[in-house]
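Here the sequence shown is numbered in our numbering, starting from -19 and rising by one per residue.
To start, the structure itself, in structure tokens.
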Amino acid sequence: MPPETCNPRFHLSVQLHDPFWSRYQQLVRETVLPYQYEILNDRVPGVEPSGAIRNFRIAAGLETGEFTGMVFQDSDVAKWLEAVGYALKTKRDSELERMADDVIDLVVAAQQPDGYLNTYFTIKEPGKRFTNLMDCHELYCAGHMMEAAVSYYEATGKRKLLDAMCRFADLIADTFGPGEGQIHGYDGHQEIELALVKLYGVTGEKRYLDLARYFLDARGTEPNFFLQEWERRGRKSFWWPWMKEPDLAYHQAHKPVREQDVAVGHAVRAMYMYTAMADVARLTGDETLAKACERLWEDVTRRQMYIIGAVGSTHQGEAFTFDYDLPNETAYAETCASVGLIFFAKRMLDIAARSEYADVIERALYNAVIGSMAQDGKHYCYVNPLEILPRANEENPDRRHVRPTRQAWFGCACCPPNVARLLMSLGDYVYSWHEADRTLYAHLHIGSSVEWDLDGSRVQVALASGLPWRGEASLRVSMSDGPRRFAVAVRIPGWCAGEPNLRVNGKPIAESEVCLKNGYAVIERAFTDGDEVALEFPMEARWVVGHPELRAVSGMAAIERGPLVYCVEEADHGPNLAALSVDLGAPLVEAPYRIAGVDAMALECDAYRRDGAAFQDGALYRPATEESRREHKVRLHAIPYFLWGNRGQGEMRVWLRWR
């Protein structure tokens, strides 16, 4: 693998103009970011105070008081700033920019003279910096602020935060490493590794890339840093009594990263680490690191991923458990983990353009990610359930981590700003340019335009898309001076129900003019101004079943249509959705439906509901007679999963019993 197989970050200028996704970007720009700014400033009544901005004011000496919130509270501010940067990159907004500049002034004012920045250790434990890397997220917070600095600089050209984060990165590079007098360690929550790669990309400072690689190389080696650090702290954990002894697998520090082949531990930590591994593998040509990424990708997506594109099955440690263990009613499926899965998939695409990577991005985006946020932009899921039974979620201690409705905010509020920054950076995921074979890859069918320089000419490709409701897309080429020879590679989605129909300038394309490569239709020609490539992807609603070892869905089926997973709700069927069953031969009928202001496509079919008449005497169990098993026909009404919970509290299910 040659270094920098693909470097899409610096070649392409992308703008979204998509009926479906532009609405989300507008919602984030106009509602989500101002709302989160007010929350970070503790100005939203009825919402648990964040204290995040106040912490920076105290650390800067502008206010007195105690530190508020989680030890990683700084990261909420950083992710908000990063999202603002992406928003300003797509459309300048003077008021949003003013808010961000005020926050950046505060952040820089809180920075210590040597470059150190962390409000928890500045306010609450001065003198103890870098003494509890395993538990206290110092480098995690640093990484998020570095990502914010890169995003804001690229959007505005303003260097204040970027320069501050370079000073901090320099301090970290002096402090950590294999040299004498340095700390031979790494952070408990991976994040700085991928952030340093971004910082390297915008500054060209190779020291940052080398440091990212060092943190990966050192992780899980012997003697184990976390065990040594724990001994130096007198065997005390910041998170006692929840975590009494170091759980190395929880931090993916149980073995060197190149030897890992099964996803274990905290799901978000894992996704961020795998993202950095893929970044470093691409930039350095490290084959062993790339192979490890491939093994881990295989395990995550083929054995440990929910149908909605979520990962992490248990609330104990927000973690992976074991292959095929994907319970529905107790699913953790943290929003941040789905965001991290998308990061990982994009980096794998940058190494090699394979449709399976983009398929996972699409699955997670259209289901888990946007399903985690209500249509008002002010209520969120931390946990993304595949089954809701409100009374159980409220009264069963094993299921209380699943909230039956989206929340206005959280004490640990990592997920809402993570969604905001992903949605505002969505243009970075649609295309990539491979210089070696002069190919523009269209990974996601999202309405947008992309521009880049080719042989001294500015080329633009405008993509129009009907997704998620219609399986159609078109790409129109614009250029100012003469034809240019290059290739356009369009992903054939994994859900495509049959052979796609491809046309160039309205005419069917000859077999000799197109080739299929790793799930992409590749069309190479001398493109001229006005050329159009049009595609139709057969889109049919279908029943989906799980692997035989996926016990939680044995004897059950789910519904998919295009990139969307569907669910059923109590609002349409009354209580006890567990009594419903379906016939997999039943045709699924499309039914236009409006919910929460969204014009959607619902799906209907004949189904069955168990009759409880035989149990009217109050019996808990009965012999399996025809009477006790009696069912009656009902009409099933399924809605896209991302719209669940927008009609009040009630039951919800993705998987249904089949007869």
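Heads up, the beta-carbon is just placed ideally off N, CA and C, and yes, glycines get one too.
Asked	Found
Nearest-angstrom beta carbon gap, G427 and L641 [assumed within contact, 8 Å]	Residue 641 falls outside the range modelled here, since the chain spans only -19 to 639, and no answer is possible.
Start and end residues, beta strand (DSSP E) containing L455	E452 to M459
Cβ-Cβ separation, G245 to E156 (assumed contact under 8 Å), whole Å	With the sequence shown as reference, residue 156 is identified as Phe, and Glu is not the correct amino acid for it. Wrong, their Cβ atoms sit about 22 Å apart, outside the cutoff.
Cβ-based burial, F(-10) [other Cβ within 10 Å; buried from 16]	Below a pLDDT of 50, predicted positions are generally treated as unreliable, and F(-10), at 43, falls in that range; the measurement from the model is reported next regardless. Per the 10 Å Cβ criterion, exposed.
Inter-residue spacing [alpha-carbon to alpha-carbon] between A558 and F323	35 Å
Exposure of P572, with buried meaning 16 or more beta-carbon neighbours within 10 Å	exposed
Buried versus exposed, by CB contacts within 10 Å (16 or more), Q53	buried
Backbone secondary structure at F507 - three-state DSSP	strand
Backbone secondary structure at L189 - three-state DSSP	helix
Per-residue DSSP class, three states only, for V51	coil
Limits of the alpha helix (DSSP H) - the one that V130 falls within	E118 to T136
Residues of its chain near R109, where Cβ-Cβ distance is below 8 Å and the 5 sequence neighbours each way are ignored	Y96, N98, F101 and E118
CB-CB length for V382 against V363, believed under 8 Å	5 Å
Own chain, CB closer than 6 Å to I172, minus 5 neighbours either side, in chain order	L119, A122 and G123
Delimiting residues of the alpha helix (DSSP H) encompassing N481	Element bounds for N481: not the alpha helix (DSSP H) but the beta strand (DSSP E), N481 to V484.
Reduced DSSP secondary structure (H/G/I, E/B, other) of D150	helix
Terminal residues of the alpha helix (DSSP H) in which Y15 lies	L13 to L20
Distance between G168 and L564 (C-alpha atoms, nearest Å)	46 Å
Contact with chain D by F622, beta-carbon distance below 8 Å	You won't find chain D in this structure, because it holds only one protein chain.
Buried or exposed (CB count within 10 angstroms, at least 16 for buried), W1	buried
Beta-carbon contacts of L189 that lie in its chain and below 8 Å, excluding the five residues immediately before and after	L176, V177, Y180, V260, L263 and T264
Any non-hydrogen atom of the ligand SAH closer than 7 Å to G577 Cβ	This structure lacks the ligand SAH, and indeed carries no ligand of any kind.
Proximity to G107 [Cα-Cα], best of Q92, K71 and T136	Q92
Between the CA atoms of I489 and S132 - distance to the nearest angstrom	Ser is not the amino acid found at residue 132; the sequence shown has Tyr there. So the alpha carbons of these two residues sit roughly 43 Å apart.
Beta-carbon spacing of D94, L151 below 8 Å	yes
Closest residue to M285 among L306, C273 and M328 (Cα-Cα distance)	L306
Residues near G499 in its chain [Cβ-Cβ closer than 7 Å; skip 5 each side]	R334, S335, E336, R471 and I472
Close beta carbons around P384, own chain, < 6 Å, minus the five adjacent residues each side	I368, P370, N373 and Q629
Assigned secondary structure, I489 (DSSP; H/G/I helix, E/B strand, else coil)	coil
Option nearest L228 by Cα separation, candidates D22, G49 and R249	R249
Local Cβ density within 10 Å of T268, reported as buried at 16 or more and exposed below that	exposed
Contact under 8 Å by Cβ, R589 with H617	no
Nearest candidate by alpha-carbon position, reference R438, set P463, V562 and H295	P463
Cβ separation of G297 and Y230, assumed to be a contact under 8 Å, to the nearest whole Å	6 Å
Three CB pairs or more closer than 8 Å across the segment 385 to 405 and the segment 59 to 67	yes
Alpha-carbon to alpha-carbon, A604 and E722	Residue 722 is absent from the structure shown; the chain starts at -19 and stops at 639.
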